[in-house]
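Undergrad: The structure that follows is given in the form of structure tokens.
4 protein chains.
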Amino acid sequence: MARSTGSAPRRRRSDPPSVRPAEEPILSGVATVPSTTRGRRTRAALITAAREVFEELGFRDARISDISARAGTSYGVFYHYFDSKESVLDELFTSVTGEMYNASQAKAGSGGTVVDRIRASNRQYLTVAARNARLIAMIEELAYRDPQFRELKLRIREPFLRRNEAGIRRLQEQGLADPHLDAGTAASMLGGMIEHFTLLWFFHGVEYDEAVAVETLTRLWAQSLGLRLDASGQLDSANPV
Amino acid sequence: MARSTGSAPRRRRSDPPSVRPAEEPILSGVATVPSTTRGRRTRAALITAAREVFEELGFRDARISDISARAGTSYGVFYHYFDSKESVLDELFTSVTGEMYNASQAKAGSGGTVVDRIRASNRQYLTVAARNARLIAMIEELAYRDPQFRELKLRIREPFLRRNEAGIRRLQEQGLADPHLDAGTAASMLGGMIEHFTLLWFFHGVEYDEAVAVETLTRLWAQSLGLRLDASGQLDSANPV
Amino acid sequence: MARSTGSAPRRRRSDPPSVRPAEEPILSGVATVPSTTRGRRTRAALITAAREVFEELGFRDARISDISARAGTSYGVFYHYFDSKESVLDELFTSVTGEMYNASQAKAGSGGTVVDRIRASNRQYLTVAARNARLIAMIEELAYRDPQFRELKLRIREPFLRRNEAGIRRLQEQGLADPHLDAGTAASMLGGMIEHFTLLWFFHGVEYDEAVAVETLTRLWAQSLGLRLDASGQLDSANPV
Amino acid sequence: MARSTGSAPRRRRSDPPSVRPAEEPILSGVATVPSTTRGRRTRAALITAAREVFEELGFRDARISDISARAGTSYGVFYHYFDSKESVLDELFTSVTGEMYNASQAKAGSGGTVVDRIRASNRQYLTVAARNARLIAMIEELAYRDPQFRELKLRIREPFLRRNEAGIRRLQEQGLADPHLDAGTAASMLGGMIEHFTLLWFFHGVEYDEAVAVETLTRLWAQSLGLRLDASGQLDSANPV
DNA sequence: AATGAATGAGTGTTCATTCAT
DNA sequence: AATGAATGAACACTCATTCAT
Numbered sequence: 001m002a003r004s005t006g007s008a009p010r011r012r013r014s015d016p017p018s019v020r021p022a023e024e025p026i027l028s029g030v031a032t033v034p035s036t037t038r039g040r041r042t043r044a045a046l047i048t049a050a051r052e053v054f055e056e057l058g059f060r061d062a063r064i065s066d067i068s069a070r071a072g073t074s075y076g077v078f079y080h081y082f083d084s085k086e087s088v089l090d091e092l093f094t095s096v097t098g099e100m101y102n103a104s105q106a107k108a109g110s111g112g113t114v115v116d117r118i119r120a121s122n123r124q125y126l127t128v129a130a131r132n133a134r135l136i137a138m139i140e141e142l143a144y145r146d147p148q149f150r151e152l153k154l155r156i157r158e159p160f161l162r163r164n165e166a167g168i169r170r171l172q173e174q175g176l177a178d179p180h181l182d183a184g185t186a187a188s189m190l191g192g193m194i195e196h197f198t199l200l201w202f203f204h205g206v207e208y209d210e211a212v213a214v215e216t217l218t219r220l221w222a223q224s225l226g227l228r229l230d231a232s233g234q235l236d237s238a239n240p241v
Numbered sequence: 001m002a003r004s005t006g007s008a009p010r011r012r013r014s015d016p017p018s019v020r021p022a023e024e025p026i027l028s029g030v031a032t033v034p035s036t037t038r039g040r041r042t043r044a045a046l047i048t049a050a051r052e053v054f055e056e057l058g059f060r061d062a063r064i065s066d067i068s069a070r071a072g073t074s075y076g077v078f079y080h081y082f083d084s085k086e087s088v089l090d091e092l093f094t095s096v097t098g099e100m101y102n103a104s105q106a107k108a109g110s111g112g113t114v115v116d117r118i119r120a121s122n123r124q125y126l127t128v129a130a131r132n133a134r135l136i137a138m139i140e141e142l143a144y145r146d147p148q149f150r151e152l153k154l155r156i157r158e159p160f161l162r163r164n165e166a167g168i169r170r171l172q173e174q175g176l177a178d179p180h181l182d183a184g185t186a187a188s189m190l191g192g193m194i195e196h197f198t199l200l201w202f203f204h205g206v207e208y209d210e211a212v213a214v215e216t217l218t219r220l221w222a223q224s225l226g227l228r229l230d231a232s233g234q235l236d237s238a239n240p241v
Numbered sequence: 001m002a003r004s005t006g007s008a009p010r011r012r013r014s015d016p017p018s019v020r021p022a023e024e025p026i027l028s029g030v031a032t033v034p035s036t037t038r039g040r041r042t043r044a045a046l047i048t049a050a051r052e053v054f055e056e057l058g059f060r061d062a063r064i065s066d067i068s069a070r071a072g073t074s075y076g077v078f079y080h081y082f083d084s085k086e087s088v089l090d091e092l093f094t095s096v097t098g099e100m101y102n103a104s105q106a107k108a109g110s111g112g113t114v115v116d117r118i119r120a121s122n123r124q125y126l127t128v129a130a131r132n133a134r135l136i137a138m139i140e141e142l143a144y145r146d147p148q149f150r151e152l153k154l155r156i157r158e159p160f161l162r163r164n165e166a167g168i169r170r171l172q173e174q175g176l177a178d179p180h181l182d183a184g185t186a187a188s189m190l191g192g193m194i195e196h197f198t199l200l201w202f203f204h205g206v207e208y209d210e211a212v213a214v215e216t217l218t219r220l221w222a223q224s225l226g227l228r229l230d231a232s233g234q235l236d237s238a239n240p241v
Numbered sequence: 001m002a003r004s005t006g007s008a009p010r011r012r013r014s015d016p017p018s019v020r021p022a023e024e025p026i027l028s029g030v031a032t033v034p035s036t037t038r039g040r041r042t043r044a045a046l047i048t049a050a051r052e053v054f055e056e057l058g059f060r061d062a063r064i065s066d067i068s069a070r071a072g073t074s075y076g077v078f079y080h081y082f083d084s085k086e087s088v089l090d091e092l093f094t095s096v097t098g099e100m101y102n103a104s105q106a107k108a109g110s111g112g113t114v115v116d117r118i119r120a121s122n123r124q125y126l127t128v129a130a131r132n133a134r135l136i137a138m139i140e141e142l143a144y145r146d147p148q149f150r151e152l153k154l155r156i157r158e159p160f161l162r163r164n165e166a167g168i169r170r171l172q173e174q175g176l177a178d179p180h181l182d183a184g185t186a187a188s189m190l191g192g193m194i195e196h197f198t199l200l201w202f203f204h205g206v207e208y209d210e211a212v213a214v215e216t217l218t219r220l221w222a223q224s225l226g227l228r229l230d231a232s233g234q235l236d237s238a239n240p241v
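Residue numbers (UniProt numbering), protein chains in the order written: chain A, 1 to 241; chain B, 1 to 241; chain C, 1 to 241; chain D, 1 to 241.
What follows is the structure, encoded as structure tokens:
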């Protein structure tokens with residue numbers, strides 16, 4: 001787990017000291033809410049500031065002083081509300097993953113054809129991804145070095161994966177999708193495709209045309225499963241599966 | 001007491017949030033070769049050690065002392081051969097991107113059907129990716145914070161992309177692939193799919209069955225372009241495009 | 001779990017971080033010797049400086065910067081030679097306990113009467129104690145809070161205790177000392193008496209006349225064991241045991 | 001942003017290396033008594049909590065938050081009743097030294113022989129010391145760094161010393177004790193012996209048998225003064241002084 | 001060519017104390 | 001009387017880089 005700068009924790013009592021409980025899950029769930037209005041305001045300001053600073057500088061380059069300065073508070077308050085730099089991160093992730101999960105649950109509009117639903121789903125993902133690109137990128141970055149964040153990354157993926165897999169399976173059962181595909185693996189690959197693509201687009205700044213992106217994504221996704229699309233991106237009734 | 005040397009002015013966000021001196025090209029091309037045998041050996045040992053250490057700890061967590069220790073040399077010798085931590089990285093990348101480019105150029109065997117060639121190409125990528133997963137992951141990680149590495153990442157991608165795009169275009173011209181696809185965007189998405197997938201598999205440790213992976217990848221890739229595969233993963237001649 | 005001042009140690013790799021191995025014995029025994037003359041000199045200067053600073057300010061109030069400043073080195077060198085503030089302390093204790101142990105072993109002059117030997121032994125202890133009072137006081141102080149130092153304190157006591165106990169037992173066997181005394185307990189109490197007294201005198205600054213101190217100490221010690229002394233502090237042959 | 005309040009200017013060596021504001025007397029005598037019942041209860045709870053916390057963690061490692069938490073009050077209320085961490089300590093000592101002084105005054109029972117009275121006195125000291133070991137240890141610890149506590153330590157010692165000295169002098173006048181002993185020095189040494197011993201036993205956890213301890217203590221004490229005890233620990237009338 | 005000693009700015013975290021509510 | 005939010009100086013430790021030998 002990370003190395004650190006700064007001074008040694010001053011030993012206390014006689015227990016062997018530890019720096020980070022290591023075990024605790026990143027998503028600690030509930031966070032204590034300050035009892036006063038002023039406290040709640042300050043805490044909220046710190047979270048907002050932390051998100052901005054993290055997104056701009058990355059977690060490791062972000063300094064507590066950056067956060068407190070941006071929140072317009074003194075240095076010390078930060079530690080009044082959070083145990084450590086990590087713990088604000090926890091909190092941020094708790095809310096973002098929540099939002100993303102909800103988005104993934106949201107009805108992609110059950111109307112229309114299969115392709116319409118795929119297209120709607122892609123559009124929806126693009127929207128959420130565009131909004132959270134920097135935070136997602138941060139998780140990705142951290143996941144490369146820290147097992148805890150790797151797990152977080154995979155955990156965030158999960159619901160999307162499951163939904164995709166279920167969708168593919170349903171299409172296979174309906175005789176619409178290629179029955180020779182392994183639904184789980186395909187879901188992982190196609191999910192990765194869109195995930196990777198949005199990061200390239202929204203975070204790394206590679207430029208794409210939105211309409212083209214949505215259509216290409218949808219067409220690749222649909223056709224890869226064995227559906228056939230016509231020139232206008234609709235199910236090609238002339239060329240059924 | 002106070003010398004004027006001291007520590008490196010520790011990068012911070014205002015300065016280009018870069019891991020390296022911003023201006024210099026990452027792939028500096030030629031590296032000075034030591035004149036004596038002993039020198040060449042030491043230099044080589046350092047590079048090998050650096051690659052190992054970087055792969056294990058990541059660039060930022062790797063310490064010069066880790067590298068020199070692993071190389072079995074003294075601390076100071078590192079700076080005899082390299083200007084900075086970054087410069088070894090340059091050197092590493094010079095060779096790795098070279099290797100990967102060559103791999104991408106390597107004939108995927110022009111024999112067989114279109115699908116056979118796609119499959120062969122996927123297999124080949126998987127092999128190269130498996131071998132270089134940790135270094136690629138490192139570039140990815142750095143790319144999140146450092147524009148120079150972002151460029152590197154994109155540059156490494158380029159040849160694969162171009163080859164894919166050209167391949168798709170050729171298939172479209174031959175009337176084999178869906179003409180409504182935007183070749184560039186599709187190449188980017190499909191390339192990203194496999195790139196993302198191998199990282200998940202080889203670096204993050206998600207488990208997949210190799211045979212299933214190759215087949216699913218190939219089937220998704222081929223079908224997304226409009227080709228149709230039969231149960232055995234061969235071009236389905238009964239269902240031409 | 002330990003509380004700490006200063007910044008958190010930068011976590012590294014994926015190991016759960018630890019601040020102080022906690023287990024390691026305080027007297028780690030061998031210390032690495034720098035290979036160059038300059039290095040040896042610097043290291044020695046740091047140890048000397050550390051002893052002075054510790055004695056003046058106490059361990060907890062001593063700052064690394066105080067030590068390096070006194071040693072005339074830069075801040076950083078300290079960590080070139082020592083792992084932590086604790087480790088210099090280790091080293092200091094290694095040498096001091098060594099010195100004290102040797103002193104306790106040194107022939108107290110086997111000549112003269114029993115009382116002469118007791119007197120000589122007391123004198124010797126007073127000399128050593130006067131020289132090391134501040135360091136001993138520091139160990140005492142630390143022993144109140146830190147089990148490791150408590151053990152150290154007791155360990156330093158040991159040889160003196162054993163020697164005293166053996167001496168008492170011998171006198172009892174020779175029919176010179178009161179046979180009803182528990183030798184171990186008596187040795188602990190009498191040893192504590194002199195230990196406590198020297199701290200009072202040499203560290204806390206209570207004033208005593210040296211001659212009176214030696215004589216009173218000797219007389220109390222001897223008579224408590226059942227020996228009888230005459231006006232001049234010699235064995236009272238007129239009043240045998 | 002920057003208020004003018006902030007943290008305490010953190011003591012350092014140049015300032016009197018003192019735990020407390022140098023000037024004020026430690027035993028401030030009268031403490032302001034809250035006017036309401038609730039107030040008195042809160043204040044009392046804080047004192048009790050402080051004693052417990054100080055005994056468990058030591059003065060320096062004890063945090064105001066530890067105290068208020070243990071007292072079941074809010075953080076801020078502490079400063080409503082006390083000026084500083086030091087001032088609770090004052091209060092504690094006021095009561096403890098009072099208790100100890102009373103104990104030292106308490107008639108050790110004037111009945112029985114000289115030895116009986118010495119034994120009774122030792123027993124009494126042991127009882128008081130056992131009860132207050134942790135607080136006494138705390139004073140000892142502080143006395144190593146803080147002149148004020150050094151004085152306190154010596155002041156607490158005083159009455160015991162005076163009583164011992166007077167006792168010795170009386171015995172000398174009665175022809176019972178060795179006239180060649182310096183009463184003051186002997187009293188200091190013997191007092192230190194028992195003080196040191198009880199700390200070893202009750203605080204540092206060295207194990208002793210109570211009966212053996214009392215007898216050895218009494219025998220050493222009595223004989224060192226020139227009294228002679230028989231096998232049963234009574235004055236040996238067959239061997240008068 | 002090689003060694004390893006020296007430099008020192010940088011930062012997370014603690015906590016006594018103040019003060020607005 | 002009580003609450004708890006806010007303040008900010010202080011310090012151990014890290015490590016890239018320089019340089020004398």
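Just so you know, even glycine gets a beta-carbon here, dropped at the ideal spot from N, CA and C.
Alpha carbon to alpha carbon, how far is Glu-140/B from Ala-143/A? Give it in angstroms, no decimals.
TA: Rounded to the nearest angstrom, the two C-alpha atoms are 11 Å apart.
Undergrad: Is the Cβ-Cβ distance between Val-53/C and Arg-70/C less than 8 Å?
TA: Taking 8 Å as the Cβ cut-off, Val-53/C and Arg-70/C qualify as a contacting pair.
Undergrad: Starting from Leu-229/C, follow its DSSP beta bridges and name the residues at the other end.
TA: BP columns for Leu-229/C point to Leu-235/C.
Undergrad: Report all residues from its chain with a CB closer than 6 Å to the CB of Thr-198/C; omit the five preceding and five following residues, and keep chain order.
TA: For Thr-198/C, where only same-chain residues beyond five positions count, the Cβ hits under 6 Å are Ala-129.
Undergrad: According to DSSP, is Gln-174/A helix, strand or coil?
TA: Coil, per DSSP.
Undergrad: Using the three-state DSSP reduction, which class does Gln-223/D fall into: helix, strand or coil?
TA: Helix.
Undergrad: So is Thr-216/C in contact with chain D if we call contact Cβ pairs under 8 Å?
TA: It does; some Cβ of chain D falls within 8 Å.
Undergrad: Taking the alpha-carbon positions, what's the Thr-73/B to Tyr-81/B distance?
TA: Roughly 12 Å between the two C-alpha positions.
Undergrad: Please confirm whether Ala-187/D and Leu-225/D have their CB atoms less than 8 Å apart.
TA: For Ala-187/D and Leu-225/D, no; Cβs fall outside 8 Å.
Undergrad: Quick check: what's the CA-CA separation for Met-193/D versus Met-193/C?
TA: Their backbone Cα atoms lie some 4 Å apart in a straight line.
Undergrad: Would you give the residue range spanned by the alpha helix (DSSP H) that His-196/A belongs to?
TA: Its alpha helix (DSSP H) spans residues 183-198.
Undergrad: Is it true that the CB of Val-114/C sits closer than 8 Å to the CB of Leu-227/C?
TA: In contact: Leu-227/C and Val-114/C (Cβ atoms closer than 8 Å).
Undergrad: Let me see if you follow: with CB-CB separation under 8 Å, is His-80/D close to chain C or not?
TA: False, the Cβ-Cβ gap to chain C never drops below 8 Å.
Undergrad: Mind reading off the beta-carbon distance from Ser-65/B to Tyr-75/B? Whole number of angstroms is fine, and I expect it under 8 Å.
TA: Between Tyr-75/B and Ser-65/B the Cβ distance is about 6 Å, and since that is below 8 Å, they are a contact.
Undergrad: Helix or strand or just coil, what does DSSP make of Pro-179/A?
TA: Correct three-state label for Pro-179/A: coil.
Undergrad: Taking C-alpha atoms, which residue in Phe-202/A, Ala-166/A, Pro-34/A lies nearest to Ile-136/A?
TA: Closest option to Ile-136/A, Cα to Cα, is Phe-202/A.
Undergrad: Does Val-33/D come out as helix, strand or coil in the three-state DSSP assignment?
TA: In the structure shown, Val-33/D sits in coil (DSSP, three-state: anything other than H, G, I, E or B).
Undergrad: Might you give, ordered along the chain, the residues of its own chain that have their beta carbon closer than 6 Å to the beta carbon of Pro-34/B, omitting 5 neighbours on each side?
TA: Excluding sequence neighbours, Pro-34/B sits near Arg-40, Arg-43.
Undergrad: For Glu-173/A, is the classification buried or exposed, using 16 other Cβ atoms within 10 angstroms of its Cβ as the cut-off for buried?
TA: Exposed.
Undergrad: If you follow the alpha helix (DSSP H) that Arg-119/C is in, where does it begin and where does it stop?
TA: First-last of the alpha helix (DSSP H) with Arg-119/C: 114-143.
Undergrad: Any C-beta of chain C sitting closer than 8 Å to the C-beta of Ser-224/D?
TA: Interface residue, yes.
Undergrad: Can you name the residues of chain B whose CB is closer than 7 Å to the CB of Gly-192/A?
TA: The answer, in chain order, is Met-193, His-196, Phe-197, Leu-200.
Undergrad: Grab me the residues of Leu-92/B's own chain with a C-beta within less than 6 Å of its C-beta, minus the 5 sequence neighbours each way, in chain order.
TA: Once the five neighbours on either side are set aside, the close Cβ partners of Leu-92/B are Arg-51.
Undergrad: Of all Cβ atoms in chain B, is any one closer than 8 Å to the Cβ of Ala-213/A?
TA: Output row for Ala-213/A: interface = yes.
Undergrad: For residue 245/A, which residues in the same chain have their Cβ closer than 7 Å to its Cβ, ignoring the five residues on either side in sequence?
TA: Outside the shown range of chain A (1 to 241) lies residue 245/A, about which nothing can therefore be said.
Undergrad: Give a yes or no on contact between the segment 94-101 of chain D and the segment 145-161 of chain D, applying the rule of three or more CB pairs nearer than 8 Å.
TA: Yes, the segment 94-101 of chain D is in contact with the segment 145-161 of chain D.
Undergrad: Just to make sure I have the definition right: I need the residues of chain C whose C-beta is within less than 7 Å of the C-beta of Arg-150/D. Which are they?
TA: In chain order: His-204.
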